[in-house]
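Notes follow the structure.
There are 2 protein chains.
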Amino acid sequence: MGEETTTVPGARPTIVDVASAAGVSRQTVSNVLNRPDRVAPDTLERVQREIDRLGFTPHVSAQQLRRKRAWAYGFEVNPSGHRRMGHILDEFLVELTVSAPSHTSHLLAFAPDPDDVVAGYRQTLASGLVDGFVLADTRQSDPRPPWLIEHEVPFVSFGRVWDLPELTRWVDVDGHAGVRGAVHHLVDAGYRQVGFLGWPAGSPVGDDRRRGWSDAVAELGLDASAPAAASVQDIDEATDAAEQLLGRLGPDAAIVCASDLLALGALRAVRNRGLRPGADIGVVGFDDTDVAAAMGLTSVHQPVAEAARIAWDMLVDPARHPGPVLLEPTLTIRASSLRED
Amino acid sequence: MGEETTTVPGARPTIVDVASAAGVSRQTVSNVLNRPDRVAPDTLERVQREIDRLGFTPHVSAQQLRRKRAWAYGFEVNPSGHRRMGHILDEFLVELTVSAPSHTSHLLAFAPDPDDVVAGYRQTLASGLVDGFVLADTRQSDPRPPWLIEHEVPFVSFGRVWDLPELTRWVDVDGHAGVRGAVHHLVDAGYRQVGFLGWPAGSPVGDDRRRGWSDAVAELGLDASAPAAASVQDIDEATDAAEQLLGRLGPDAAIVCASDLLALGALRAVRNRGLRPGADIGVVGFDDTDVAAAMGLTSVHQPVAEAARIAWDMLVDPARHPGPVLLEPTLTIRASSLRED
DNA sequence: CTGAAAGCGCTTACAG
DNA sequence: CTGAAAGCGCTTACAG
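Each protein sequence line maps, in turn, to chains A and B.
Note that my numbering has the first sequence beginning at 1264, numbered continuously upward.
Note that my numbering has the second sequence beginning at 1264, numbered continuously upward.
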């Protein structure tokens, strides 16, 4: 055994404690951890036994310092005031944390100064706590991707980087397909005309969803004059816009919306006319938020957990996803799109 | 100046780079960072200038290793399937991240194996990534507090630790006061009778909220027979319970609920009777979720951001809050508790 | 007030 | 297959 090291009771065991307990040098313990193939089978087993017995876990800071890598990625978080209904980004944060390949990488949430977001990224990177980033909520003229590219910082994005079509390190949910599928579902359910309630033209996400509707209408040979309406993300405006839309729709009609909030306005407008959502007028939302669940609203559901897993894959094993990934959303069907009830 | 160190372009500057640029030893740079009072004013300024010029940020892993402290705390996160409506805990995670005293501490979200949660805490602590934890969602017979206490691991809790009344390191929101305030608001608004829709007796949180209602009813001298109903956290059951409750309430009545979901059931029940929420029957929910905002539901709002700030205070500067902190919720008033509209 | 020394817990060539 | 050496970037006594 050689000489025992005096271990302070309660202090966490180090690699040296394991080494002396197993009667080997600390390099051998490190090899057991990092290069088990280079260690003789019986040594391996003996060391492993001591690791388990002592409950040894490598000190991550020491590993990070020595390896010159954090094996961690940063994810920007903003105060709740900035958030929209649905909390998709909160959910993504949670799923990223849950699906981190914990033995090799973890996630670090950080909150940059809103006045200089890029400085927050620079600082977090410089602290050595992360090797790169997971981006979300990429906007047009977003300053983050160019900065990251210029400084050769690894990153993936949840959501297309619309400005930089040459970029392929992203995973996104196919809004076009989601809305298109919703229109098909409504027609299958017996509605004969489908209108669209979306945001004003100009946002890439909104325009993509609107095209999903217009393409579906065309391919199904629906009334080509089926109207679309636009509203900002506000419940009262959405109700007004939906009321106008209803005035231009015939009987047996349905409305597909670009968000659950817009759909809530549509539900209200339907009720204001004395009609029943579902039975009289179909309504479908987007994001499958709590509100949709509570209101019995059929809604397009984004596979957020899957997006998080793919983001990790792209970061940790880039060869596995050489191109971008566009996920198919699913449709959570509730009473608002069922004629019989 | 002495000799220049050759710096790889693009590599992050270290304390040694700053030292040679400023013509001092690296210990002096460290003193500038950690004990500026021990450094001569002109040296301080010269070193500080080089720190800014080079954009130097200390390597956190190296500090953690040397100081034998992570200056970080862990926060447990669970997959979204486990979450309830409202996402209060997601919001708390975000607010904890945002309000971290970033120069001295940061938050690390981690996801323990659901089959052995305590092992996840042990592992995270042993890795040296955190010094302690922020607990949330403490349950009765929660195994985490006893384990943390036994191993002398620092922690604070968002939510009382009901099992361990001797524990004082928690911040919580006063549900009793929230419901009591809601009853007062309803009476001020002109409702003459107030019923309560809560969960079945036995949960500490639910019982606390119910007592807020019964105490308010007593102190306001309201109809002492004002009834309470119970329902589990399910929209259909809540609707049924609310319908029964309405049958036992007179005109000009209102219903206070233990959650927004229960309140949604109450809204439904009111409409099913052909009555108008607010104008005919007042309804108040709890948690001020997205659903409440979307439905025009008055709801008790928890000051989550403030709770997060206090949790950090308790961790970083325990003297500031020697006892537990019970925060007063506010009431977000919407149409469902207004008679005139 | 400033700097030389030691060391935090690991990993990575490299020599034996 | 195993171990002695060097070093990642810092901080903390301590000597000058």
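From the three backbone atoms N, C-alpha and C, an ideal C-beta is built for every residue, glycine too.
Which listed residue (the options) has its alpha carbon closest to that of residue i
i         : options                                    : result
B/Ala1549 : B/Leu1296, B/Asn1535, B/Asp1543, B/Ala1529 : The residue asked about is misnamed: residue 1549 of chain B is Phe in this sequence, not Ala. The option with the nearest alpha carbon to B/Phe1549 is B/Ala1529.
A/Asp1605 : A/Ala1542, A/Thr1502, A/Gly1318, A/Leu1509 : This structure does not reach residue 1605 of chain A, given that chain A is present from 1264 up to 1604, and the question cannot be answered.
B/Trp1476 : B/Pro1463, B/Pro1467, B/Pro1490, B/Gly1465 : B/Pro1490
A/Gly1513 : A/Asp1435, A/Tyr1454, A/Gln1326            : A/Tyr1454
A/Val1567 : A/Ala1517, A/Arg1443, A/Phe1421            : A/Phe1421
B/Glu1358 : B/Ala1570, B/Pro1581, B/Leu1601            : B/Ala1570
B/Asp1437 : B/Asp1280, B/Thr1277, B/Leu1589            : B/Leu1589
A/Pro1276 : A/Pro1299, A/Arg1298, A/Val1302, A/Glu1313 : A/Glu1313
A/Leu1328 : B/Phe1418, B/Glu1339, B/Ala1532, B/Leu1392 : B/Leu1392
A/Val1279 : A/His1322, A/Pro1417, A/Val1495            : A/His1322
B/Arg1474 : B/Phe1459, B/Ser1488, B/Asp1486            : B/Phe1459
A/Val1340 : A/Ser1283, A/Phe1396, A/Leu1508            : A/Phe1396
A/Val1416 : A/Gly1337, A/Ala1274, A/Thr1401            : A/Gly1337
Under 7 Å from the C-beta of residue i: neighbouring residues of chain A
i         : result
B/Arg1275 : Ala1389
B/Leu1392 : Val1323
Beta-carbon neighbours of residue i, restricted to chain A and to distances below 8 Å
i         : result
B/Gln1386 : Thr1320
B/Leu1524 : Ala1557
B/Leu1371 : His1369, Leu1371
The beta strand (DSSP E) enclosing residue i, as first and last residue numbers
i         : result
B/Gly1475 : No beta strand (DSSP E) holds B/Gly1475; the alpha helix (DSSP H) holding it covers 1467 to 1482.
A/Ser1420 : 1418 to 1421
B/Thr1595 : 1593 to 1595
B/Ala1282 : Looking at the DSSP string, B/Ala1282 is not in any beta strand (DSSP E); the run it does join, the alpha helix (DSSP H), is 1278 to 1285.
A/Val1292 : Here A/Val1292 belongs to no beta strand (DSSP E); instead the alpha helix (DSSP H) covers 1289 to 1297.
B/Leu1398 : 1395 to 1399
A/Val1519 : 1516 to 1520
B/Ala1492 : 1491 to 1493
Chain A residues whose Cβ lies nearer than 9 Å to that of residue i
i         : result
B/Leu1328 : His1322, Ser1324, Ala1325, Gln1327, Leu1328
B/Leu1527 : Ala1557, Met1558
B/Leu1485 : Ordered by position in chain A, no residue passes the 9 Å Cβ test against B/Leu1485, which lies about 29 Å from the chain.
Run of the alpha helix (DSSP H) containing residue i, from where it starts to where it stops
i         : result
B/Val1424 : Note, B/Val1424: premise wrong, no alpha helix (DSSP H); not H, not E.
B/His1439 : 1438 to 1451
A/Arg1461 : What sits at residue 1461 of chain A in the sequence shown is Gly, not Arg. A/Gly1461 -> not in any alpha helix (DSSP H); beta strand (DSSP E) instead, spanning 1456 to 1461.
A/Arg1561 : Position check: residue 1561 of chain A holds Thr in this sequence, whereas Arg was assumed. No alpha helix (DSSP H) contains A/Thr1561, which is instead part of the beta strand (DSSP E) from 1561 to 1564.
A/Leu1509 : 1498 to 1511
B/Leu1590 : Segment 1588 to 1590 is the beta strand (DSSP E) holding B/Leu1590; no alpha helix (DSSP H) there.
B/Pro1585 : Unbroken run through B/Pro1585: none, as it is neither H nor E.
B/Pro1409 : 1407 to 1413
Cβ neighbour criterion (16 or more within 10 Å) applied to residue i
i         : result
B/Ile1573 : buried
B/Gly1484 : exposed
A/Gly1537 : exposed
B/Pro1592 : buried
A/Pro1540 : buried
B/Asp1376 : exposed
B/Thr1367 : exposed
A/Glu1482 : exposed
B/Ala1382 : exposed
A/His1369 : buried
A/Gly1265 : In this prediction, A/Gly1265 has a pLDDT of 33, which is less than 50 and means its spatial position is unreliable; what the coordinates show is noted afterwards. Exposed is the call here.
A/Pro1272 : For A/Pro1272, the predicted model reports a pLDDT of 49, less than 50, meaning its position is unreliable and no value from the coordinates is stated.
A/Asp1499 : exposed
A/Gly1465 : exposed
B/His1414 : exposed
A/Thr1269 : Summary for A/Thr1269: the model assigns pLDDT 42, below 50, so the residue's position carries little reliability; its value from the coordinates is reported in the next sentence. Exposed: under 16 other Cβ atoms inside 10 Å.
A/Gln1403 : exposed
A/Cys1315 : One point to set straight first is that residue 1315 of chain A is Asp, not Cys, in the sequence displayed. Exposed, by the Cβ-count rule.
Interface partners of residue i on chain B, CB under 9 Å
i         : result
A/Pro1342 : Val1357, Glu1358, Val1361, Ser1362, Ala1568
Chain B contact residues for residue i, given Cβ-Cβ distances below 7 Å
i         : result
A/His1350 : His1350, Asp1353
A/Ile1498 : Ala1557
A/Ala1209 : With chain A covering only 1264 through 1604, there is no way to say anything about residue 1209 of chain A.
Where residue i meets chain B, residues with beta-carbon distance less than 8 Å
i         : result
A/Leu1601 : Those within 8 Å of A/Leu1601 in chain B number zero; the least Cβ separation is about 16 Å.
- prompt: Considering only residues of the region 1311 to 1382 of chain B, which uninterrupted alpha helix (DSSP H) runs meet the minimum length of 4 residues and lie entirely inside it, listed in chain order?
  reply: Counting whole runs of 4 or more residues, the region 1311 to 1382 of chain B contains the alpha helix (DSSP H) stretches 1323 to 1330, 1351 to 1361.
Start-end ranges of the beta strand (DSSP E) lying completely within the region 1524 to 1576 of chain B, minimum 3 residues: For the region 1524 to 1576 of chain B, whole beta strand (DSSP E) runs of length 3 or above, ordered along the chain, are 1545 to 1549, 1561 to 1564.
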